[in-house]
Amino acid sequence: MADQRPGDVLRGIGEARVSRRGFLAASGFTAMSAYLAACGGSGGNAPALFIYNWADYIAPDNQTKFKEQFNISDENFTYDTYASNEELFAKLQGGATGQYDICCPTAEWTPAMVKEGFLEKIDWSKIPNAKYINPQFKGLWWDPKDEYQLPKDWGTTGISMRTNVVTEDIKTWKDFFEVAPKYSGRIVVVDSPGDVFTAPLKSLGYSLNSVDPGELEEARAILMDFAPHVLALNSDTYEEPMKTEEAVLGLTWTGGIDEMLGDPQYADSTKYQIPEDGTLFWMDTWTILKGAPHLDMAHNFLNFIHDPENQAVETEVNYYATPNEEAKKHIDPEILNNPIVFVPQDVQDSGLLEAAKDVSLDENRQRIWEEFKSSIGG
Amino acid sequence: MTAGTPAGTSKPPAPARDGPSRLATALLILPAGLWYLFLLVLPLAIVVLFSFGERGETGGYAGGFTFTNYDGAFRNASPFVTSLYLSVAGTLLCLLVGLPLAYFIATRAGKRKTLLIILLVIPFWTSFLIRTYSWLILLGRDGLAGWFVDVTGNDSFRILGTDFAVLLGLVYGYLPLMVFPLYVTLERMDRTLVEASKDLGAGRLATFRQITLPIALPGLITGSILVFIPMMGEYVIPQILGYGQTFTIGNALVLRFLEFRDWPAGSAQAVGLIFVMFVTISFYLWFTNRGRQVREQSVL
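Here it is as structure tokens:
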């Protein structure tokens, strides 16, 4: 009686496993076709370009224009995506170099990438449009000799709120933490340690890059008090809970909030505040990967994208500030004068913005971040 | 009933085995063997090796030999506990929903049996991610939770970001893996046994306990294990439906490998996970087997 073994049962449900096998076959086919496509691109002499980038980060019109201008067919133009610098770095560390021509890390990640030998030096003679880059974005700590990166766009991390619910006038990170308990369970936070540490450290008056154990311990206390009030850690779609008012307060970037400000349904009740006790200045950069299969085309693209007119299209689609001075002449004045997209010069000069350093491997930060992450919510 | 010949018996080799057929056997086993070696044994060996190493300066793995990774992996046991709790609860809920469903389809559905099976499988034709994101809409402010907020006026009511939402997603996602093994065992059940039991005066409950359940047990064990193992490693559902509030071992592993770039620490935690699963499943199998033996003895 009942001597049927689990193994027999598994065999018995062979039919049910067809879908699994079908899935394997399908994914195998996809991988194969991707491989063949890659061979077709690099094997022949047909013009091609493989980009590894954040999602929706190059204006579709510019992609079409570039392909036409350089005679690249659709199958020879690849745009693969990653969701975080951590993911990009892990993929490259796992051996993805040599597959892509261009990637777009946030600037503070590039020194580690150079150290690992992931990046190719840029041949500036092939990128005449680089002359339009505002000198304030050149020679920064992450690339002092401007060898490896071409600035793409830049922005801030700040406080976003739905003013129809949040009535307080929140100006600083200190205010932010003070009102947090009142909006418990309705606060969304980007899933990015560098940005989250900015808030407590700046509210205490420390550098956002601090690795001082004492300062981090103070920041930890603030974060752990704050954690129970957080609804979600969300980097990709933080604007969605803000739209439905499931979240009414946020520690976010500007992209998703700009989208809301551009929508009449939310514009009047949405606000983004650059904290007056200081915040993070970030910059994304174009880099060329070591062993890029299409080195010349990669340079062509970098030059193309910083053509002032093309660059203006980028800003109007992505809502991030361009470092390209000449492009500003072509940008819709409404966007140019939007203080969230282009931080006003007096704020830039005030010393409120601090560039990120690569402190992601600091042990205390990692320990506190894990503790914070596993304590959010009730 | 075990299929094939027992591996342990070393009697004189069977004369029927001539060269070509042995070659055919070897060739047929080869793909599975290579698969097993290169995609299971070897990666596992690498994980174990890495778990004793040290992190490189910019992350990754840099050789060396140390036990500190294991120290760190178990210092924070809460993700293990969370995953274990979710998996056990999820498996029990799957069983609670799956057993009556499988029983109904196998014994009462009649002509609609095939239709019901197909209905059970159809959701699997859609991407797992899309199905999970659909719950995001159904349970969110534009769905059920929004309705509750409108009715009760409680602005902070929510379903997403709670253990309930995660469990719902888990049960929804893995239910078929529980139903199919149960269905197969119950479908093969000899109905006359049930009649005999009733003829001999056993009530419904006694018949279920003494006839149906023992017959369904192998399917129950298979289904539970099929459901339990992926739930232990589940990352996507807690992340999406739990808003990342439920910090599982899957979240912890992603944190170690992708954010901290600490492959050795991540490997140690992964080995820890394998260990926890090994212990849990061994205990489960021992427990269910023991239950069966005791029952068979008591029947005699």
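In order, the protein sequence lines correspond to chains A and B.
Residue numbers are given in my numbering: position 28 of the first sequence equals residue 668, and the series is strictly consecutive.
Residue numbers are given in my numbering: position 21 of the second sequence equals residue 56, and the series is strictly consecutive.
We put the beta carbon where it would ideally sit given N, CA and C, even for glycine.
Computed from a prediction, not measured in an experiment: that's the story for all the values here.
Note to self: Would you say Leu293(B) lies against chain E (beta-carbon separation less than 8 Å)?
What the structure shows: Given the protein chain composition of this structure (A and B), no chain E is represented.
Checklist line | Where Tyr278(B) meets chain A, residues with beta-carbon distance less than 8 Å | finding: Your numbering for residue 278(B) matches position 243 in the second sequence. Simply Leu871, Ala872, Leu873, Asn874 and Gly1017.
Margin query: Tell me which residues share the same chain as Gly285(B) and place their Cβ nearer than 6 Å to its Cβ, disregarding the 5 neighbours each side in the sequence.
Written below: On the second sequence, residue 285(B) is found 250 positions in, with the first residue counted as 1. For Gly285(B), the CB contacts under 6 Å within the same chain, skipping 5 residues up- and downstream, are Gly268, Glu269 and Tyr270 in chain order.
Next item on the list: Note down the Cα distance separating Phe663(A) from Gln274(B), rounded to an integer number of angstroms.
Entry: Walking along the first sequence from the start, residue 663(A) turns up at place 23. Walking along the second sequence from the start, residue 274(B) turns up at place 239. Annotation note: pLDDT 42 at Phe663(A) (below 50); position unreliable, no value reported.
Note to self: Distance check for Glu965(A) and Glu748(A), CA to CA, integer angstroms please.
What the structure shows: As a working note, residue 748(A) is residue 108 in the first sequence. As a working note, residue 965(A) is residue 325 in the first sequence. So the alpha carbons of these two residues sit roughly 22 Å apart.
Check: Assuming Met819(A) and Ala872(A) make a contact with CB atoms under 8 Å, what is their CB distance in whole Å?
Finding: For the purposes of this step, residue 819(A) is taken as the residue at position 179 of the first sequence. For the purposes of this step, residue 872(A) is taken as the residue at position 232 of the first sequence. Before going on, a small fix: residue 819(A) reads as Val here, not Met. With 8 Å as the limit, Val819(A) and Ala872(A) do not qualify as a contact, their Cβ atoms being about 18 Å apart.
Margin query: Can you tell me which residues form a DSSP beta bridge with Ala872(A)?
Written below: As a position in the first sequence, residue 872(A) is number 232, starting the count at 1. DSSP lists Val828(A) as partners of Ala872(A).
Margin query: Would you say Phe1012(A) lies against chain B (beta-carbon separation less than 8 Å)?
Written below: Along the first sequence, read from residue 1 onward, the residue named residue 1012(A) stands at position 372. Answer no: the Cβ-Cβ gap between Phe1012(A) and chain B never drops below 8 Å.
Margin query: Run through chain B and tell me which residues come within less than 8 Å of Asp831(A), C-beta to C-beta.
Written below: For the purposes of this step, residue 831(A) is identified with residue 191 of the first sequence, where counting begins at 1. Within chain B, the residues near Asp831(A) are Gly279.
Check: Would a check of beta-carbon distances place Arg226(B) closer than 8 Å to chain A?
Finding: Counting from 1 along the second sequence, the entry for residue 226(B) is found at position 191. It does not: the Cβ of Arg226(B) has no partner Cβ on chain A nearer than 8 Å.
Notebook entry, point to check: Taking Cβ positions, are Gly277(B) and Val214(B) nearer each other than 8 Å?
Noted result: In the second sequence, the residue the question calls residue 277(B) occupies position 242. In the second sequence, the residue the question calls residue 214(B) occupies position 179. No, the pair does not count as a contact, with Cβ atoms beyond the cut-off.
Checklist line | Contacts around His934(A), its chain only, beta-carbon distance under 6 Å, and the 5 residues preceding and following it disregarded | finding: Counting from 1 along the first sequence, the entry for residue 934(A) is found at position 294. In the same chain as His934(A), and ignoring 5 residues on each side of it, the C-beta atoms closer than 6 Å to its own belong to Ala688, Leu689 and Asp741, in chain order.
Next item on the list: Note down, in chain order, each residue of its chain lying with its Cβ closer than 7 Å to the Cβ of Asp198(B), except the 5 sequence neighbours on either side.
Entry: Position 163 of the second sequence, counted from the start, is the residue given in the question as residue 198(B). The residues are Thr281.
Item checked: Terminal residues of the alpha helix (DSSP H) in which Gln1006(A) lies -> As a first step, residue 1006(A) is located in the first sequence; it is residue number 366 there, counting from the start. Where Gln1006(A) is concerned, the enclosing alpha helix (DSSP H) stretches over Glu1003 to Lys1013.
Next item on the list: Closer than 9 Å, Cβ to Cβ, to anything on chain A: give me those residues from the region 62-73 of chain B, in chain order.
Entry: Listed in sequence order: no entries.
Notebook entry, point to check: Roughly how far, in whole angstroms, is the beta-carbon of Ala251(B) from the beta-carbon of Ser86(B), given that I think they are within contact range, below 8 Å?
Noted result: Counting from 1 along the second sequence, the entry for residue 251(B) is found at position 216. Counting from 1 along the second sequence, the entry for residue 86(B) is found at position 51. No, Ala251(B) and Ser86(B) are not in contact; Cβ-Cβ is about 39 Å, not under 8 Å.
Next item on the list: Please go through the region 193-219 of chain B and give each complete alpha helix (DSSP H) segment of 4 or more residues, from N-terminal end onward.
Entry: You should have found no qualifying run.
Note to self: Out of Gly735(A), Arg1007(A), Gln789(A) and Thr892(A), which one is the CA nearest neighbour of Asp924(A)?
What the structure shows: As a first step, residue 924(A) is located in the first sequence; it is residue number 284 there, counting from the start. Taking each of Gly735(A), Arg1007(A), Gln789(A) and Thr892(A) in turn and checking the Cα distance to Asp924(A), the smallest one comes out for Gln789(A).
Checklist line | Identity of the residue in Ser259(B), Trp321(B) and Val306(B) nearest Gly133(B) by Cα | finding: Taking the first residue of the second sequence as position 1, residue 133(B) is located at position 98. Comparing Cα-Cα distances from Gly133(B) to each of Ser259(B), Trp321(B) and Val306(B), the minimum goes to Ser259(B).
Item checked: Residue of Pro915(A), Ser1015(A) and Gly895(A) minimising C-alpha distance to Asp696(A) -> Residue mapping note: residue 696(A) aligns to position 56 of the first sequence, counting from 1. Checking every option, the nearest Cα to that of Asp696(A) belongs to Gly895(A).
Notebook entry, point to check: Got a sec? Which residues, its chain only, sit under 6 Å from Leu255(B) by beta carbon, not counting five neighbours each side?
Noted result: Position 220 of the second sequence, counted from the first residue, corresponds to residue 255(B). Counting only residues of its own chain and dropping the five nearest sequence neighbours on each side, Leu255(B) has no CB closer than 6 Å to any other CB.
Notebook entry, point to check: Among Ala996(A), Pro904(A) and Ala967(A), which residue has its Cα nearest to the Cα of His946(A)?
Noted result: Within the first sequence, residue 946(A) is the residue found at index 306, counting from 1. Out of Ala996(A), Pro904(A) and Ala967(A), Ala967(A) has the C-alpha closest to the C-alpha of His946(A).
Notebook entry, point to check: Is DSSP giving Phe777(A) helix, strand or coil here?
Noted result: Indexing the first sequence from 1 puts residue 777(A) at position 137. Helix.
Notebook entry, point to check: What do you reckon, are the CB atoms on Leu205(B) and Met266(B) nearer than 8 Å?
Noted result: Along the second sequence, read from residue 1 onward, the residue named residue 205(B) stands at position 170. Along the second sequence, read from residue 1 onward, the residue named residue 266(B) stands at position 231. Yes, the pair counts as a contact, with Cβ atoms nearer than the cut-off.
Notebook entry, point to check: Taking the Cβ atom as the reference point for each residue, do Lys883(A) and Met801(A) lie within a distance shorter than 8 Å?
Noted result: Within the first sequence, residue 883(A) is the residue found at index 243, counting from 1. Within the first sequence, residue 801(A) is the residue found at index 161, counting from 1. Not a contact, by the Cβ cut-off of 8 Å.
Note to self: As a quick exercise: from Asp835(A), Ser832(A), Thr807(A) and Ala859(A), pick the residue whose alpha carbon is nearest that of Gly845(A).
What the structure shows: As a position in the first sequence, residue 845(A) is number 205, starting the count at 1. Answer by Cα proximity: Ala859(A).
Next item on the list: Taking Lys792(A) as the reference, give the member of Pro745(A), Ser909(A), Val805(A) and Gly798(A) with the closest Cα.
Entry: For the purposes of this step, residue 792(A) is identified with residue 152 of the first sequence, where counting begins at 1. Out of Pro745(A), Ser909(A), Val805(A) and Gly798(A), Pro745(A) has the C-alpha closest to the C-alpha of Lys792(A).
Margin query: Output needed in chain order: residues of the region 793-818 of chain A with a Cβ under 7 Å from some Cβ in chain B.
Written below: none
Margin query: So for Asp917(A), helix, strand or coil by DSSP?
Written below: If you number the first sequence from 1, residue 917(A) lands on position 277. Coil, per DSSP.
Note to self: Does the region 292-300 of chain B come into contact with the region 81-100 of chain B, if we say contact requires no fewer than three beta-carbon pairs (one atom in each stretch) closer than 8 Å?
What the structure shows: yes
Note to self: Can you find the residues in the same chain that come closer than 7 Å, C-beta to C-beta, to Asp190(B), ignoring five residues on each side of it along the sequence?
What the structure shows: For the purposes of this step, residue 190(B) is identified with residue 155 of the second sequence, where counting begins at 1. Closer than 7 Å at the Cβ level, and outside the excluded window around Asp190(B), lie Val184.
Checklist line | Within chain A, partners of Asp177(B) - CB distance below 7 Å | finding: Numbered from 1 along the second sequence, position 142 holds the residue referred to as residue 177(B). Per Cβ cutoff of 7 Å: Thr884.
Notebook entry, point to check: Quick one, which residues of the region 73-107 of chain B are near chain A if we go by CB-CB under 7 Å, in chain order?
Noted result: Thr93, Gly94 and Gly95
Next item on the list: Would you identify the three-state DSSP class for Ile316(B), choosing helix, strand or coil?
Entry: Here residue 316(B) is taken as the residue at index 281 of the second sequence, counted from 1. Ile316(B): helix per DSSP, three-state reduction.
Notebook entry, point to check: For Arg802(A), which three-state DSSP category applies?
Noted result: Residue mapping note: residue 802(A) aligns to position 162 of the first sequence, counting from 1. DSSP places Arg802(A) in strand when its eight states are reduced to three.
Item checked: Element boundaries [alpha helix (DSSP H), containing Ile260(B)] -> Here residue 260(B) is taken as the residue at index 225 of the second sequence, counted from 1. Its alpha helix (DSSP H) spans residues Leu248 to Met267.
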